[in-house]
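Okay, so here's the structure we're looking at.
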Amino acid sequence: MEILTELTNNILVITLNRPEAGNALNGALSEGLSNALADAATNPEVRAIIVTGAGEKIFCAGMDLKAFAAGEDLAKIGMGFTALRQCTKPLIAAVNGHALAGGFEVVMLCDLIVSIDTARFGIPEVKRGLFAAGGGVRLPARIPLAVAMEMGLTGDPIDAARAKELGLINQVVPASELLEAAKALAARITVNGPLAVQATKQLMLDEIGDGNPALLGQLQRSVFSSEDAKEGPRAFAEKRAPNWQGK
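Numbering (my numbering) for the sequence shown: 378 to 624.
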């Protein structure tokens, strides 16, 4: 199963379960994540949600570029991002390893972040002729614009210590303490009034905005259907440098 769930003490733990593929987001995993969040939305027993990854090295490697290069429907791959963005309940990312590209965007769509000390974070989509359309638009609202621009335009990652220094993540812990720390943080939320918590989350997100949906959709259609968008994932799958055409 691509998604594992466990509900204890009003805390739902959702595990991305494709460790053999770096928990990369293909259609099945994204659909499973969307379904799990939909179920959580209507379950009054769920008052906080933790999203983590299976394995010890990678939280999520992002969109499955091999699946995308093979023609898998982009809309289906993006279902998980939409579900995370629309989730009204508190989301905590328990980052068990590197969170890159779409994996970092999953993190960005969570409200609070607990990370192991060896994790790295980045949006390297530009290296594949794509851009961070999932949750990357929230990055300038969470760290200084100059740093967000550097990460977005170079595609280079930062480590957990730097992310903590920037205020991007809440806690950095050893791997052995990750889930315990995330659950402890979630427990501090679940003791509060659930309606008040959800209202607070919505009001804070409304304050920072979430980009321009119309512009985002327009750019995603033009860039993701370009020749470069086909070349980047193809070059990745073939383990070679891409040959950009700018079209």
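A virtual CB, placed ideally from N, CA and C, is assigned to each residue, including glycine.
- Going by DSSP, L468 is part of no alpha helix (DSSP H) but of the beta strand (DSSP E) stretching over 468-472.
- The C-beta of N386 has fewer than 16 other C-beta atoms within 10 Å across all chains shown, which makes the residue exposed.
- When the beta-carbon positions are compared, V549 and D494 come within less than 8 Å of each other.
- Of all alpha-carbon atoms in I426, T465, A444, M528, the one lying nearest the alpha-carbon of L582 is that of T465.
- Around the beta-carbon of K560, 16 or more other beta-carbon atoms lie within 10 Å, marking it buried.
- With fewer than 16 other beta carbons inside 10 angstroms of its own, M378 counts as exposed.
- Counting along the chain, the unbroken alpha helix (DSSP H) around F445 starts and ends at 442-446.
- According to the DSSP assignment, S492 belongs to the beta strand (DSSP E) that extends over 489-493.
- Closest in C-alpha terms to A552, from the list A496, P501, N403, L393, comes A496.
- Pairing A460 with V428 gives a Cβ-Cβ distance that is not under 8 Å.
- Straight through space, the alpha carbons of A405 and T567 are spaced by roughly 30 Å.
- Buried is the label assigned to L468, since at least 16 other Cβ atoms lie within 10 Å of its Cβ.
- Non-local beta-carbon contacts of P610 in its own chain, meaning distances under 7 Å to residues more than five positions away in sequence, involve L442, F445, A446, R505 in chain order.
- The criterion of a C-beta distance shorter than 8 Å is satisfied by M440 and G479.
- Annotation for P521: L543 place their beta carbon closer than 8 Å to its own, counting only its chain and skipping 5 residues before and after.
- In this structure, the straight-line span from the alpha carbon of Q622 to that of Q597 is close to 18 Å.
- A check of alpha carbon separations from A564 across L389, T531, A476, V524 identifies L389 as the nearest.
- The DSSP-derived three-state label of E433 is coil.
- In the structure shown, G499 adopts extended strand secondary structure according to DSSP, grouped into three states.
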